[in-house]
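The structure under discussion appears below in the form of structure tokens.
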Amino acid sequence: MTGQFTITGRHYASEGAVRITVKEGRIASVEPAGEAGKGLPWIAPGLVDLQINGYAGLDFNTLPLAVETVQQATRLLLAQGVTSYLPTIITNSPEAIEEAMKSIAAACEADRLTDSTIAGIHLEGPFISPEDGARGAHAKAYVRAPDWALFEQWQAASGNRIKVITISPEWPEATAFIERVARAGVIVSIGHTVASPEQIADAVRAGARMSTHLGNGAQLMLPRHPNFLWEQLSQDDMWGCFIADGFHLPDSFLKTGFRAKAGKALLVSDAVSLAGMPPGEYDLHIGGKVLLSPEGRLCVAENPKLLAGSAQLLPWGIAHLARKGLCTIAEAWEMSSLIPGALLGLSSAAGLTEGAPADLVLYSWDGSELKITDVYKNGSLV
137 MTGQFTITGR HYASEGAVRI TVKEGRIASV EPAGEAGKGL PWIAPGLVDL QINGYAGLDF
197 NTLPLAVETV QQATRLLLAQ GVTSYLPTII TNSPEAIEEA MKSIAAACEA DRLTDSTIAG
257 IHLEGPFISP EDGARGAHAK AYVRAPDWAL FEQWQAASGN RIKVITISPE WPEATAFIER
317 VARAGVIVSI GHTVASPEQI ADAVRAGARM STHLGNGAQL MLPRHPNFLW EQLSQDDMWG
377 CFIADGFHLP DSFLKTGFRA KAGKALLVSD AVSLAGMPPG EYDLHIGGKV LLSPEGRLCV
437 AENPKLLAGS AQLLPWGIAH LARKGLCTIA EAWEMSSLIP GALLGLSSAA GLTEGAPADL
497 VLYSWDGSEL KITDVYKNGS LV
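End of the sequence shown = 518 in our numbering, gap-free, step of one.
Below is the structure:
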């Protein structure tokens with residue numbers, strides 16, 4: 137990027153007015169603006185989402201996956217403040233997973249903006265639990281034991297873009313597989329599991345570092361203790377991902393999870409293709425007939441008690457946490473930007489500091505609703 141310009145706004149954390157100078161796509165300086173902040177937009181680092189299945193009717197798991205679909209979804213997500221994300225490919229046949237990986241790789245290779253925004257790929261499955269409840273909406277027919285040769289095949293198809301893989305450590309092959317994946321520099325995340333505490337502890341020792349949407353993708357009934365939720369919450373070396381849309385987890389679990397994972401708690405949207413769509417009834421290739429309520433809750437049409445995925449992006453979750461007093465806007469924003477960025481090793485994890493990429497979001501917040509007004513990616517208004 138070339139050129140130099142300044143942006144003035146209220147710092148999302150300090151709340152003071154700041155003037156940010158951007159030069160050649162990076163933050164050149166952050167200085168006090170010397171004026172009242174009232175009336176100025178809030179300014180914060182770009183959002184980083186480690187788990188997005190689709191958006192605005194575009195689905196990364198509907199094949200064939202067109203290159204244009206990936207590029208269009210990326211631009212629509214940027215408009216919502218998501219300046220880095222991991223498109224998420226879920227359990228499917230080996231051939232279908234390979235095809236999706238190739239499509240995402242081709243989309244990145246053909247378009248600079250897409251390539252700079254997609255920070256990698258999250259492979260959620262197929263090495264997860266085959267058990268009902270824990271498996272969630274993943275197709276049982278394609279669930280299988282961890283297979284290193286298959287993973288290498290998919291990684292090659294992706295152009296080495298797989299950065300996170302969700303697996304269940306309940307498989308006998310899991311520990312050896314986790315060790316190899318971790319050595320390859322890929323984040324191993326535990327999810328969709330019925331693993332015992334011992335199996336989870338073994339997985340962490342082998343290199344597992346994260347919990348996928350902790351508290352979801354689980355059986356409805358669990359023993360009081362021990363169980364795989366307590367075990368993951370207690371593992372100090374594990375980062376915890378939480379869906380904070382107000383529907384997937386009760387506020388009490390979110391509050392407890394944030395405390396247990398202090399400094400390593402992060403938000404994910406786990407958004408499906410109906411995120412950003414109007415309320416109504418839809419027929420999905422995964423999940424069948426579903427209802428998106430005016431309140432933003434997505435459920436199975438025949439059984440409204442069952443969720444059918446998340447229909448909200450990170451700004452919704454940030455606003456929910458702030459409204460409920462579970463944390464401040466600044467804390468929720470950092471769980472959606474700096475903390476996941478640090479886990480991925482992104483330079484944007486430096487936030488609003490000199491030398492950091494100018495991935496910036498300007499927004500308004502009235503105590504109830506958060507609205508994205510402007511988004512910059514590498515210093516360009518997108």
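The beta-carbon is built from N, C-alpha and C at its ideal position, and this holds for glycine as well.
9 angstroms Cβ cutoff met for L410 and G445: yes
Pull up the distance between the alpha-carbon of S473 and that of C244, whole angstroms please. 22 angstroms
What residues are listed by DSSP as bridge partners for A439? One detail in the question is off: residue 439 reads as Asn in this sequence, not Ala. According to DSSP, which records beta bridges pairwise, N439 is partnered with V436.
For a test of the three-state rule: what should DSSP assign to H274, helix, strand or coil? coil
Just to confirm before moving on: does the CB-CB distance between P177 and Y499 stay below 9 angstroms? yes
Whole-angstrom C-beta distance between Y512 and A494, which should lie under 8 angstroms: 6 angstroms
Where S388 falls: helix, strand or coil (DSSP): helix
Rounded straight-line distance, which links the Cα of C377 to that of Q335: 20 angstroms
Is it buried or exposed for I233, if we count other Cβ within 10 angstroms and need 16 for buried? buried
Taking C-alpha atoms, which residue in V279, E505, I156 lies nearest to P230? V279
Looking at the unbroken beta strand (DSSP E) that takes in H349, where does it start and where does it end? Segment: none, H349 is in no beta strand (DSSP E) and carries neither H nor E.
Inter-stretch contact (C-beta, 8 angstroms, three-pair minimum) for the region 377–388 and the region 159–167: no
Contacts around V330, its chain only, beta-carbon distance under 8 angstroms, and the 5 residues preceding and following it disregarded: S265, E267, A270, S304, E306, Q355, F364
Per DSSP, the bridge partner or partners of C377: L402
When you compare only the Cα positions, how much space is there between D108 and P333? Here the chain covers residues 137 to 518 and nothing more, so residue 108 does not appear.
Identify whether V317 lies in helix, strand or coil by the three-state DSSP scheme. helix
Presumed contact (8 angstroms Cβ cut-off) between F263 and W284, rounded CB distance: In fact, because the Cβ distance is near 10 angstroms, the residues do not count as touching under 8 angstroms.
Straight-line CA distance for A490 to R155? According to the sequence as given, residue 490 is Glu; it is not Ala. The straight-line gap from Cα to Cα measures roughly 12 angstroms.
Going by the beta-carbon positions, is the gap between A342 and V324 smaller than 9 angstroms? yes
T520 and Q216: beta carbons closer than 9 angstroms? Because the chain is modelled from 137 through 518, residue 520 falls outside the range shown and cannot be assessed.
For a quick check, are the C-beta atoms of T348 and G327 less than 9 angstroms apart? yes
Judging by CA-CA distance, which residue of M237, T253, V184, A242 is the nearest neighbour of N287? In the sequence under discussion, the amino acid at residue 287 is Phe, which differs from the Asn named in the question. For the residues M237, T253, V184, A242, the minimum Cα distance to F287 belongs to M237.
Going by DSSP, what residues sit across from K397 in a beta bridge? BP columns for K397 are empty, so no partner.
Through-space distance from G432 to E417, alpha-carbon basis: 12 angstroms
Where the beta strand (DSSP E) through S239 begins and ends: Segment 230–246 is the alpha helix (DSSP H) holding S239; no beta strand (DSSP E) there.
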